[in-house]
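Some notes on the structure that comes next.
In the working numbering, the protein residues as written are 3 to 920.
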C-alpha cells in the first residue's frame with residue numbers, strides 16, 4: 003500500500019509539473035543536459051543521454067546554449083564545474099528532472115544540490131535553481147586562489163580596459179605575444195542592452211579617412227569611432243531581434259551627384275525573422291540610419307560582398323560587386339546573389355536551381371583570378387577575369403565560377419581528414435592557397451586548434467598541402483589574410499596570428515587572449531577579427547567581452563619591411579606623381595601593388611594599374627610607381643583613387659601605411675555649386691520644425707546665393723509648412739553648409755502622410771547640382787495609431803524557476819518602437835532585459851502572485867500596454883524513483899506530450915489497483 007501511495011505522489015507531482023510546462027519552459031533547442039547518473043561523453047545534447055558534470059557540458063555548449071541540471075547531488079570536484087557555475091559564461095540552471103525530460107524547472111520539487119560552492123556565491127546559485135552546501139569534505143582539485151584569479155579574469159572582460167602594452171607575455175590580465183591592447187569597449191557599454199556580441203567589420207569613411215568598427219550584438223548592430231584607437235567612441239546602434247548570430251558587411255561608392263563617398267552596411271540575422279537589415283553609413287559621425295529590412299531572406303547566417311577591397315569596402319576591379327546571402331531560410335540555405343548598384347534596393351541576380359539542404363553555404367569568400375587559370379579552369383571568364391566563389395559547405399569546400407552575375411558553375415569540391423563542420427576561410431594574396439576552418443573538429447575529435455591549407459593552383463582539383471595545429475584546444479572560427487599574415491579569431495584563445503610566408507608550413511607569430519580565464523574547445527571568447535583598416539589596427543569582437551582594439555607587433559627581425567612613404571598623396575591634372583615605396587634591410591625582396599580607381603576613370607590618369615616591384619640584394623633605395631594625372635578639361639572637384647601593396651615575398655612584410663589615397667586636383671578648379679545632400683526627409687507633424695541643409699562646394703572666388711520655395715503636393719505651402727527664409731547666401735571665400743528652418747504646422751486633422759517639395763532656384767554665381775529639390779513627408783499624429791501589444795495574461799510557475807515574460811508588439815505605421823517591462827505588484831524581483839520584448843526573472847522562493855506591465859511606445863510617444871499575472875507555487879521536494887530499465891534510445895517525437903498522457907494512464911491504473919486492495 004505505502005509503495006503505491008509513494009508512486010502516486012511522484013507521478014502526481016510529475017503530471018502537475020508537465021501541465022505547467024507551457025509557461026515554464028527553458029529554451030530546449032539551446033540546451034545541454036546534466037544528470038547525477040549521466041556520463042561525460044558526447045555533446046550532452048540528447049536529454050535521454052545526459053552528461054554527468056556541469057563543466058563538461060558547458061564545454062560542449064554552442065553559442066547561446068544553457069546547461070540544464072537535473073535533480074540530484076553534485077560534488078564540485080573539478081575547476082571547470084565551479085568556474086562555469088559561477089562565471090555565467092555558459093548559464094547553468096538547476097531544478098529539473100530526467101523523468102519529464104527536463105521539461106519543467108521546479109527547484110523546490112526537484113532539488114539540485116551543489117556541494118562545495120564558495121560561500122560568497124551561494125545566493126547567486128540559489129537564484130538559478132540550485133540548493134547550495136558550502137562545505138566539501140571530499141578531496142577536489144579546486145584552489146581558492148586559482149578560482150579567484152579566473153573569476154577576476156572574467157570580471158575584466160565586463161569592465162572597460164585601457165591601453166596596455168604586451169610585456170613579458172601579458173597585457174595586464176590578458177596573456178599575449180606580439181600584440182598589445184589599445185582599448186576595450188565591454189558589451190554593457192553598447193546600446194540595445196545586449197548581453198553578448200557576435201561578428202565585426204570595419205569601415206573607413208573616404209571623405210574624412212576616419213575609421214570605424216561595426217559590432218554585431220545579440221540585439222542589433224553598433225557603430226564605434228576608432229579613429230583614436232586608444233579612446234573609441236560608441237556612436238549609436240540599430241536595434242534588432244534577439245539572436246546569437248549576426249554578420250555584417252559594408253559597401254562604399256562615390257556619389258557623383260553629391261560629390262561625396264556614400265556607404266551602406268548590411269547585416270543578416272540567423273534564428274530570426276528580421277531579414278537583411280540595410281543601414282545608411284554615409285554620415286558615420288551622425289550614426290547608422292536604418293533604411294529598410296529586406297525580407298527576401300527572412301533569416302540568414304552570413305553575408306558576403308564580392309569584388310570589393312576589404313579595407314576600403316569599394317569596388318576594386320572591373321568585376322561588378324555583389325552581395326551574397328548565405329545559410330538563409332530558403333532554397334536549403336544555398337548561396338543567393340544580389341546586385342547592389344542601387345544599395346538601398348538589392349536586386350536578385352542568382353540562385354541555385356533545384357537546391358536542397360545539401361547545398362547549404364555556411365560562409366563564403368571570393369577571389370578574382372586573372373592568370374592562366376581563368377582560361378584553363380574557369381568556364382565563364384569575362385573581361386574582368388574569373389570570379390571564384392569559395393563555398394564552405396559544412397562538409398566540403400566547393401569552388402564555383404561565379405563570373406556571370408546570373409550564373410555559377412561548380413568547378414570542384416574537396417574534403418579533409420577529421421571533417422566535422424566546414425565553417426569558413428580565406429585566400430592568400432598570391433591567390434594560390436585557401437585557408438579553411440572546421441568549427442567542430444577540436445570539440446568532437448579532441449584535437450588542438452586545427453587549420454587546413456589547400457593549394458588551388460588547379461581550380462578543378464584543390465589539394466590539401468598543410469595543416470597547422472595550435473598549442474591549445476581552442477576552436478578556430480574566422481580569419482583573414484593581410485600580406486603574408488593570417489589573423490584568426492580563435493574563441494577562448496582570443497586572436498591568433500599566423501605567418502603564411504610558406505603556406506605549406508605556417509607558424510604562429512602572435513596572439514592576444516581576450517578570454518584569459520580558461521582555454522578549451524568551447525564557444526566563448528573572440529567571434530570575429532578585422533585586420534584591414536588603413537591604420538593597421540586590429541579589431542576583435544569577443545562574445546562576452548565586446549570590442550577589443552589591438553596593436554599588431556608581429557614584425558620579424560628576420561624580414562625586411564615594406565610601406566608607402568605616406569598615406570596621402572596629391573597631384574594636379576597635367577602633372578606626374580611619383581609614389582615612393584620604402585623598405586628596410588638589404589635582402590632581395592618584392593611586393594605587388596594594385597591601383598584602385600575609386601572616384602576616377604581611365605580618362606583621369608595613366609599608369610600601370612598593377613604590377614610587382616623588386617629589389618636586388620644590397621639595394622635599399624626606395625622604388626617609385628608613377629601616375630600621370632590627365633587634364634580632361636572638365637571643371638570638377640577633387641577625385642580620389644587608391645593604391646595598395648600586397649603579396650610581399652616570403653622574406654618581407656607589410657607595415658602601415660600599405661594603402662594610400664591619391665587626390666587628383668582639377669586644373670581649372672571645380673565650378674561653384676550647391677546641392678541638397680538629403681534625397682528624402684521624413685518628419686513628424688509634432689516636430690514643429692526641422693533644419694534643411696544646403697552645401698556649397700567648388701570655387702569660392704565670388705559671393706553666391708540661391709532661392710528656396712515650397713512646391714505643394716498633398717501638403718500645402720503655408721497651411722502645412724513654411725520656410726523661415728527664402729534664400730541662402732555665401733560670402734566670397736565661403737564654402738560649406740548653410741541651413742534654413744522649415745516650419746511644420748501641427749493641425750488637428752486626421753490625415754494620411756502628406757508630402758511637399760523644397761526647390762532650389764535662381765542661383766547667383768553658382769550652379770545647382772543633383773535634382774535641386776528634396777521631398778518632405780509629414781507623418782500625421784492625429785491619424786497615428788498606437789502599437790498593438792500582446793502577452794499571455796497569466797502564468798503559473800514554480801518557486802525559484804527562471805521565468806520568461808514574452809510579449810509581441812507591432813506598429814500599424816511600421817514605426818520604430820521602444821519597450822518596457824515593469825513590475826506592478828508582489829514581492830520585488832529583478833528583471834533582466836526589461837527594455838526588450840522578452841524579460842526574465844527568478845521566481846520567489848514561496849507562494850506568491852506577481853503583476854507585470856508591458857508597454858510599447860512609438861515614435862510619437864503613443865503607448866499601448868498589457869498586463870501579466872504570475873502565480874508562483876512552492877512544492878515539496880520529491881525523491882526520484884529508482885529507474886530499473888534504461889531510458890529509450892530514441893526520444894519520442896511529441897517532446898513531452900505523450901509523457902503526460904502516459905503518466906496520467908499510470909496514475910489511473912495505480913488508483914484502481916489501490917481501490918481494489920482497499
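We put the beta carbon where it would ideally sit given N, CA and C, even for glycine.
Buried or exposed: which applies to residue i, given that a residue is buried once 16 or more other Cβ atoms fall within 10 Å of its Cβ?
i, result
"residue 202", "buried"
"residue 570", "exposed"
"residue 853", "exposed"
"residue 480", "buried"
"residue 727", "exposed"
"residue 78", "buried"
"residue 896", "Reliability fails at residue 896, whose pLDDT of 35 lies under 50, so the model's placement of it is uncertain and the value that follows must be treated cautiously. It is exposed - the Cβ of residue 896 has fewer than 16 other Cβ atoms within 10 Å."
"residue 438", "buried"
"residue 100", "buried"
"residue 559", "exposed"
"residue 542", "buried"
"residue 892", "For residue 892, the predicted structure reports a pLDDT of 40, less than 50, and the residue's modelled location is therefore unreliable. A value from the coordinates is still provided. It is exposed - the Cβ of residue 892 has fewer than 16 other Cβ atoms within 10 Å."
"residue 884", "Confidence at residue 884 is low in this model, with a pLDDT of 47, below 50, so its placement is unreliable and the value that follows should be read with caution. When all chains shown are included, residue 884 counts as exposed."
"residue 703", "exposed"
"residue 151", "exposed"
"residue 279", "buried"
"residue 365", "buried"
"residue 360", "exposed"
"residue 610", "exposed"
"residue 301", "buried"
By alpha-carbon positions, which one of the options ends up nearest to residue i?
i, options, result
"residue 386", "401, 392, 395, 407", "407"
"residue 309", "251, 283, 354", "251"
"residue 348", "877, 540, 326", "326"
"residue 736", "635, 638, 767, 290", "767"
"residue 112", "698, 750, 71, 149", "71"
"residue 520", "711, 53, 118, 154", "154"
"residue 34", "40, 43, 41, 49", "49"
"residue 380", "359, 441, 452, 463", "463"
"residue 578", "627, 597, 584, 586", "627"
"residue 319", "844, 564, 706, 371", "371"
"residue 467", "37, 257, 507, 285", "507"
"residue 285", "298, 267, 661, 278", "267"
"residue 116", "845, 332, 69, 128", "128"
"residue 375", "432, 56, 41, 147", "432"
"residue 363", "633, 426, 868", "426"
Looking only at DSSP bridge pairs, what is residue i linked to?
i, result
"residue 217", "202, 224"
"residue 470", "453"
"residue 207", "212"
"residue 528", "493, 544"
"residue 2", "The chain is shown only over 3 to 920; residue 2 falls outside these bounds and no answer can be derived."
"residue 47", "Answer is none; residue 47 lacks a bridge partner."
"residue 682", "777"
"residue 77", "117"
Is residue i near the ligand FAD - that is, is its Cβ less than 8 Å away from at least one heavy atom of it?
i, result
"residue 274", "Absence of the ligand FAD from the depicted structure is noted, as is the absence of any ligand whatsoever, leaving it without description."
* To do: With a floor of 4 residues, list each alpha helix (DSSP H) that falls wholly inside the region 368-421, ordered by position along the chain.
  => 374-378
* To do: Tell me the start and end of each unbroken beta strand (DSSP E) in the region 230-298 that is at least 3 residues and wholly inside, in chain order.
  => 235-241, 248-257, 262-271, 278-282, 291-296
* Determine contact between the region 649-668 and the region 746-766, defined as no fewer than three beta-carbon pairs at a distance below 8 Å. => no
* To do: Assess, as a yes-or-no matter, whether the region 481-489 is touched by the region 638-654 under the definition of 3 or more beta carbon pairs within less than 8 Å.
  => yes
* Do the region 541-552 and the region 155-166 meet, that is, are 3 or more Cβ pairs less than 8 Å apart? -> yes
* How do the region 88-95 and the region 778-787 stand: do at least 3 beta-carbon pairs fall below 8 Å, yes or no? -> no
* Asked: Is the region 485-504 touching the region 513-532 in the sense that three or more CB pairs, one from each, lie closer than 8 Å?
  -> yes
* Asked: Is the number of C-beta pairs between the region 857-864 and the region 811-821 that are closer than 8 Å three or more?
  -> yes
* 4-residue-minimum alpha helix (DSSP H) runs that sit fully inside the region 635-678, ordered along the chain -> none
* Asked: Are the region 409-419 and the region 625-645 touching by the rule of at least three beta carbon pairs closer than 8 Å?
  -> no
* Is the region 282-295 touching the region 729-749, taking contact as three or more C-beta pairs under 8 Å? -> no
* Asked: Curious, which full-length beta strand (DSSP E) runs of at least 3 residues does the region 784-861 contain?
  -> 790-793, 796-800, 804-812, 820-827, 840-844, 850-859
* Asked: Are the region 210-218 and the region 227-234 in contact at 8 Å, needing three or more beta carbon pairs?
  -> yes
* May I ask you to verify whether the region 695-702 touches the region 597-617, counting CB pairs closer than 8 Å and requiring at least 3? => no
* Is it a yes or a no for the region 772-779 touching the region 798-811, going by three-plus beta-carbon pairs under 8 Å? -> no
* May I have a chain-ordered list of the beta strand (DSSP E) segments no shorter than 3 residues that lie completely inside the region 529-610? => 540-544, 548-554, 562-566, 570-574, 578-585, 591-598
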